[in-house]
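S.K.: Residue numbers (our numbering), protein chains in the order written: chain R, 143 to 562; chain P, 143 to 562.
There are 2 protein chains.
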Amino acid sequence: MSLLVTGARVVATPRGRAAVAGRDQGHLEMSPGAVVRCEGADVVFVGDRGEHDRSFAPADEALDAAGGCVVPGFVDPHTHLPFAGAREDEFDRRLAGETYAEIAAAGGGIVSTVAATRRAGFDELLALTLARLDRQLLTGTTTTEAKSGYGLELETEIKQLRVLREAGRRHPVEIAATAMPGHEVPPEWRHDPDAYVELVVREIHPAIAAEGLAEGVDVFCERGVFSPDQTRRLVADAARFGWRVHLHADELCNLGGAELAAELGAASASHLLHVSDAGIAALARAGVVAVALPGVSFFLRDRFAPVRRLVDAGVAVALATDCNPGSSHTESMPAIMALGCLGAGLSTEEALTAATLNAAAALGRADRLGSIEPGKQADLVVLDAPSPKHLVYHFGVNLVRHVVKAGRVVVRDGRKLAHS
Amino acid sequence: MSLLVTGARVVATPRGRAAVAGRDQGHLEMSPGAVVRCEGADVVFVGDRGEHDRSFAPADEALDAAGGCVVPGFVDPHTHLPFAGAREDEFDRRLAGETYAEIAAAGGGIVSTVAATRRAGFDELLALTLARLDRQLLTGTTTTEAKSGYGLELETEIKQLRVLREAGRRHPVEIAATAMPGHEVPPEWRHDPDAYVELVVREIHPAIAAEGLAEGVDVFCERGVFSPDQTRRLVADAARFGWRVHLHADELCNLGGAELAAELGAASASHLLHVSDAGIAALARAGVVAVALPGVSFFLRDRFAPVRRLVDAGVAVALATDCNPGSSHTESMPAIMALGCLGAGLSTEEALTAATLNAAAALGRADRLGSIEPGKQADLVVLDAPSPKHLVYHFGVNLVRHVVKAGRVVVRDGRKLAHS
Numbered sequence: 143m144s145l146l147v148t149g150a151r152v153v154a155t156p157r158g159r160a161a162v163a164g165r166d167q168g169h170l171e172m173s174p175g176a177v178v179r180c181e182g183a184d185v186v187f188v189g190d191r192g193e194h195d196r197s198f199a200p201a202d203e204a205l206d207a208a209g210g211c212v213v214p215g216f217v218d219p220h221t222h223l224p225f226a227g228a229r230e231d232e233f234d235r236r237l238a239g240e241t242y243a244e245i246a247a248a249g250g251g252i253v254s255t256v257a258a259t260r261r262a263g264f265d266e267l268l269a270l271t272l273a274r275l276d277r278q279l280l281t282g283t284t285t286t287e288a289k290s291g292y293g294l295e296l297e298t299e300i301k302q303l304r305v306l307r308e309a310g311r312r313h314p315v316e317i318a319a320t321a322m323p324g325h326e327v328p329p330e331w332r333h334d335p336d337a338y339v340e341l342v343v344r345e346i347h348p349a350i351a352a353e354g355l356a357e358g359v360d361v362f363c364e365r366g367v368f369s370p371d372q373t374r375r376l377v378a379d380a381a382r383f384g385w386r387v388h389l390h391a392d393e394l395c396n397l398g399g400a401e402l403a404a405e406l407g408a409a410s411a412s413h414l415l416h417v418s419d420a421g422i423a424a425l426a427r428a429g430v431v432a433v434a435l436p437g438v439s440f441f442l443r444d445r446f447a448p449v450r451r452l453v454d455a456g457v458a459v460a461l462a463t464d465c466n467p468g469s470s471h472t473e474s475m476p477a478i479m480a481l482g483c484l485g486a487g488l489s490t491e492e493a494l495t496a497a498t499l500n501a502a503a504a505l506g507r508a509d510r511l512g513s514i515e516p517g518k519q520a521d522l523v524v525l526d527a528p529s530p531k532h533l534v535y536h537f538g539v540n541l542v543r544h545v546v547k548a549g550r551v552v553v554r555d556g557r558k559l560a561h562s
Numbered sequence: 143m144s145l146l147v148t149g150a151r152v153v154a155t156p157r158g159r160a161a162v163a164g165r166d167q168g169h170l171e172m173s174p175g176a177v178v179r180c181e182g183a184d185v186v187f188v189g190d191r192g193e194h195d196r197s198f199a200p201a202d203e204a205l206d207a208a209g210g211c212v213v214p215g216f217v218d219p220h221t222h223l224p225f226a227g228a229r230e231d232e233f234d235r236r237l238a239g240e241t242y243a244e245i246a247a248a249g250g251g252i253v254s255t256v257a258a259t260r261r262a263g264f265d266e267l268l269a270l271t272l273a274r275l276d277r278q279l280l281t282g283t284t285t286t287e288a289k290s291g292y293g294l295e296l297e298t299e300i301k302q303l304r305v306l307r308e309a310g311r312r313h314p315v316e317i318a319a320t321a322m323p324g325h326e327v328p329p330e331w332r333h334d335p336d337a338y339v340e341l342v343v344r345e346i347h348p349a350i351a352a353e354g355l356a357e358g359v360d361v362f363c364e365r366g367v368f369s370p371d372q373t374r375r376l377v378a379d380a381a382r383f384g385w386r387v388h389l390h391a392d393e394l395c396n397l398g399g400a401e402l403a404a405e406l407g408a409a410s411a412s413h414l415l416h417v418s419d420a421g422i423a424a425l426a427r428a429g430v431v432a433v434a435l436p437g438v439s440f441f442l443r444d445r446f447a448p449v450r451r452l453v454d455a456g457v458a459v460a461l462a463t464d465c466n467p468g469s470s471h472t473e474s475m476p477a478i479m480a481l482g483c484l485g486a487g488l489s490t491e492e493a494l495t496a497a498t499l500n501a502a503a504a505l506g507r508a509d510r511l512g513s514i515e516p517g518k519q520a521d522l523v524v525l526d527a528p529s530p531k532h533l534v535y536h537f538g539v540n541l542v543r544h545v546v547k548a549g550r551v552v553v554r555d556g557r558k559l560a561h562s
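(1) Tell me where the alpha helix (DSSP H) around proline 436 of chain P begins and ends.
(2) Taking the runs of the alpha helix (DSSP H) that are 4 residues or longer, which of them lie wholly in the region 147 to 222 of chain R?
(3) Quick check on DSSP: helix, strand or coil for asparagine 500 of chain P?
(4) What is the C-beta distance between glycine 227 of chain R and serine 254 of chain R, in whole angstroms, given that I count them as a contact (C-beta under 8 Å)?
(5) Helix, strand or coil for leucine 452 of chain R per DSSP?
(6) Check whether the Cβ atoms of threonine 472 of chain R and phenylalanine 537 of chain P lie closer than 7 Å to each other.
(7) Taking only the alpha-carbon atoms, compute the straight-line gap between proline 528 of chain P and arginine 157 of chain P and give it to the nearest angstrom.
(8) Where do the N-terminal and C-terminal ends of the beta strand (DSSP E) with threonine 259 of chain P fall, by residue?
(9) Is the CB of glutamate 297 of chain R under 7 Å away from at least one CB in chain P?
(10) Using a threshold of 7 Å, state whether the C-beta atoms of leucine 86 of chain R and alanine 497 of chain R are closer than that.
(11) I want to verify the contact list: residues of chain C whose CB lies under 9 Å from the CB of lysine 518 of chain R, in sequence order.
(12) Which of the three DSSP states is assigned to glycine 227 of chain R in this structure?
(13) Apart from the five residues just before and just after serine 410 of chain P, which ones in its own chain have a Cβ nearer than 6 Å to its Cβ?
(14) At which residue ranges does the region 262 to 350 of chain P contain complete alpha helix (DSSP H) runs of 4 or more residues, listed in the order of the chain?
(15) If you drop the 5 nearest sequence neighbours on each side, which residues of the same chain put their C-beta closer than 6 Å to that of valine 152 of chain R?
(16) Do you know whose CA, among R:Arg304, R:Arg261, R:Glu299, lies nearest leucine 572 of chain R's CA?
(17) Compare the C-beta of alanine 208 of chain R with all C-beta atoms of chain P and state if any pair is closer than 7 Å.
(18) Would you mind telling me which residues of chain P sit closer than 8 Å to cysteine 483 of chain R, beta carbon to beta carbon, in chain order?
(19) So with CB distances below 7 Å, who are the chain P contacts of asparagine 466 of chain R?
(20) Measure from the C-beta of alanine 462 of chain R to each C-beta in chain P and report whether the shortest distance is under 7 Å.
(21) Which residue marks the beginning of the alpha helix (DSSP H) containing aspartate 371 of chain P, and which one marks its end?
(22) Measure the beta-carbon distance from threonine 401 of chain R to alanine 380 of chain R and round it to whole angstroms, keeping in mind my assumption that it falls under 8 Å.
(23) Who are the near neighbours of lysine 558 of chain P in its chain, counting only those whose CB is closer than 7 Å to its CB and skipping five residues on each side?
(24) When you compare the CB of threonine 472 of chain R with every CB in chain P, is at least one pair closer than 7 Å?
(25) Within the same chain, show all residues whose beta-carbon is closer than 8 Å to that of glycine 270 of chain P, passing over the 5 residues directly before and after it, in chain order.
(26) Could you work out which residues of chain R lie near arginine 443 of chain P, taking near to mean beta carbons separated by less than 7 Å?
(27) Which residue's Cα is closest to the Cα of valine 162 of chain R: R:Glu326, R:Asp521, R:Leu533, R:Leu499?
(28) For the structure I just gave you, are there three or more beta carbon pairs, one from the region 471 to 490 of chain R and one from the region 533 to 548 of chain P, closer than 8 Å?
(29) Take leucine 146 of chain R and list the residues in its own chain whose beta-carbon comes closer than 7 Å to its own, dropping the five residues that flank it on each side.
(30) Where does serine 197 of chain P land, buried or exposed, given buried means 16+ other C-beta within 10 angstroms?
(31) Let me make sure I understand the geometry here. Which of R:Pro335, R:Asp555, R:Thr221 has the alpha-carbon closest to that of glycine 366 of chain R?
(32) Apart from the five residues on each side of it in sequence, which residues of its chain come closer than 7 Å, Cβ to Cβ, to lysine 301 of chain P?
(33) Return the chain-ordered ranges of every alpha helix (DSSP H) run that is complete within the region 505 to 555 of chain R and spans a minimum of 4 residues.
(34) State yes or no: is the beta carbon of leucine 490 of chain R nearer than 7 Å to at least one beta carbon in chain P?
(35) Look up cysteine 363 of chain R in the DSSP assignment and give the residues it is bridged to.
(36) Using three-state DSSP, classify arginine 445 of chain R as helix, strand or coil.
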């Protein structure tokens, strides 16, 4: 099966098979008027139409970009997709000035999502997750990371990850599943967090690994959650299973989370609002992708991660939604790109690299995803816009017209196709 | 023709036939499980299904809200819709730290939009405007204000307003057209702004009035643009034609714009980033609607209007996109509501009133639009969300499922209907 994308005003993409760090992150390859040829799941040609026609037979299928621009499918490298329950009331209480601590003391906060997710049946959680994947796909995301971590007990952690496995079978969005029993100390273990850590090591991680439900591990290293030593214990355990390492680091205060991510060989460190200069240098040296989550800063009316300092120090920056019900309730990568630029200070080109190639690198997929070039998988978004700058410049409206995943058209004219 | 909207989890609306000011702005009427009956263009019943069925014959048409919530169609009370040209390059230069003054000196800024709009043919400008109206409608806007002001000469001001008249005939979104030759002093009159003001009074306003192309006037009262005295001259002239008065006030500095709006009996004053306490008191006393434009603050990385001080002082606050290519390039009222809450500090309920009833009041239409109650026009939005809080809480994705304008379904399942 071959597909030819024609009629693009421009094909805009970062290039390479690894994260792009520092000032190079703002450099996109712009191919005005280029066509994109896909064979099976992969891109085989990007370039001039005449050259294509001399080299290839007519394609089985055509997709007309109609003067729009073509960019790589977005990769969302940090989400908490499989959750139940909403927290809009708590949200308004925060807008009115209540603190997270006050809300948590009244039974709100993450504990309420844990309770709702534990209660939810498999089918309910699957339906909620599929609906979120639809919203991701319609806003241009073709690959997403998704974490457990609202179970904090064996049964529910497994349920969340089985939901992700089933969702990945049914939905065109590719899912990278991450085990995160280290998201929070559950209420029943608050008296003895170390005992919970040992429970994770003894039972939860091995059960997840036994079913092959995860390819990565994530831990929330934070004061009052998991200490650096507890984080080391959980990550060292995950090494038994070959899991890629991610950390929630330096979000609420500086615990040296970035330095720890570098020490542990993490693929990515997220949040980083309070990262130090030493932490930034450690990320740059170790090649850890810094995942900025500007939706959280917007949602919590907090500061933004220092993305300019990170880029200027030679760190590869990615962007993610952190989609979750308590601190960033959105599936839209274009919304996050707008916040990454207008809130945090990236350029639109840096934001596009952050939402594609660097995000793929955070998931260990930069060899296959995140850019439009021969040999990579054909994950493409056709925008109803003359340039990728409009993803940020024309904010608040959905410019995604068509989406191609692995060489197959899965969204056409803003609609998910039935076979998808 | 009758229409019955069923299946709503809740119908949520402000109430009344005038702007709601102060703390009352945050009070919505919530009718769980209510149906909405429309006859012709109007709402005739909101309430219990059983009561409806006892009082009315079966409706000609049904619309199933499917567990979503029903809110009034959004009213966008401040836009510059009919423009040509984009300014995304300038946008990235600002992100990189260049000032507006530097960009304007290099031929950018409003002057570049004026040049592009003067060059654009009628059909081109109409097509651009219709595309923007589509994006408004798909994000839930059923009525929009739209200004001239990128002509700054007779021919182009008339062209912009004729485009709006024609667009209003073709498109379901209702348009309130505003004459704004007082948007800027055009380059060719920079040597003598008073002479430009006299040209507007002598030729441009009368020509607009002669064709009945506007129902309001707006002036940008600002240092380096139009002084308070020049603004008085333009507004006094507009009184000849019975035009409603709007002002761009206290945006870049405090010139007493809010006080002037009160003095001139304006229906609305927009921007207000630098409004003084005296100006706020004047707005409250005179019943001028304060139109906050948080998209501009976001886009320009500037402060937000002091919406909390305005609400607390008893001013009625509305929200608008200010859709324009230089300082807020979006058509989405939900995006603006999110910024009005998470940026500026409104509650979600206040933001909904600001985007409906108070916005209608800013356009002199609160007697007919802006709330869901018997006797008002049936302009409705069905959201794919359990409560209106999700308009802000679930930001960045389009939750608008169906739209009804004047009793007619014009958007179904996120698609504009062909007859519209």
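Glycine is no exception: its CB is placed at the ideal position from the N, C-alpha and C atoms. Treat the numbers as computed from the prediction; the structure is a model and nothing was measured.
M.R.: Taking the structure as given:
(1) Proline 436 of chain P -> alpha helix (DSSP H) spans 436 to 442.
(2) 191 to 197
(3) In the three-state scheme derived from DSSP, where H, G and I count as helix and E and B as strand, asparagine 500 of chain P is classed as helix.
(4) 6 Å
(5) helix
(6) yes
(7) 20 Å
(8) Boundaries around threonine 259 of chain P are those of the alpha helix (DSSP H), 252 to 261, since no beta strand (DSSP E) includes it.
(9) No, its Cβ sits nowhere closer than 7 Å to a Cβ of chain P.
(10) Any answer about residue 86 of chain R is impossible in this case: the structure gives chain R only from 143 up to 562.
(11) No chain C appears in this structure, whose protein chains are R and P.
(12) coil
(13) His388, Val431, Val433, Ala504
(14) Counting only runs of 4 or more, we get 264 to 280, 296 to 312, 335 to 341.
(15) Same-chain partners within the cutoff: Met172, Pro174, Cys211.
(16) Given that chain R is displayed from residue 143 to residue 562, the structure contains no residue 572 of chain R and the question cannot be resolved.
(17) Not an interface residue.
(18) Leu237
(19) The premise fails here: asparagine 466 of chain R is roughly 12 Å from chain P at the closest Cβ pair, so nothing lies under 7 Å.
(20) No, alanine 462 of chain R does not count as interfacial toward chain P.
(21) 370 to 380
(22) With the sequence shown as reference, residue 401 of chain R is identified as glutamate, and threonine is not the correct amino acid for it. About 19 Å separates the two Cβ atoms, so there is no contact after all.
(23) For lysine 558 of chain P, where only same-chain residues beyond five positions count, the Cβ hits under 7 Å are Asp276, Leu279, Leu280, Val552.
(24) yes
(25) What sits at residue 270 of chain P in the sequence shown is leucine, not glycine. Pro224, Phe225, Ala226, Ala262, listed in sequence order.
(26) Going along chain R in sequence order, the residues near arginine 443 of chain P (Cβ under 7 Å) are Leu484.
(27) Out of R:Glu326, R:Asp521, R:Leu533, R:Leu499, R:Leu499 has the C-alpha closest to the C-alpha of valine 162 of chain R.
(28) Because the criterion of three Cβ pairs below 8 Å is met, the region 471 to 490 of chain R and the region 533 to 548 of chain P touch.
(29) Val177, Arg179, Ala201, Ala204
(30) Serine 197 of chain P should be labelled exposed.
(31) R:Pro335
(32) Phe264, Leu267, Gly293
(33) 532 to 535
(34) Correcting the residue type first, residue 490 of chain R is threonine in the shown sequence and not leucine. Yes, its Cβ sits closer than 7 Å to a Cβ of chain P.
(35) R:Phe368
(36) Note: arginine 445 of chain R maps to coil in three-state DSSP.
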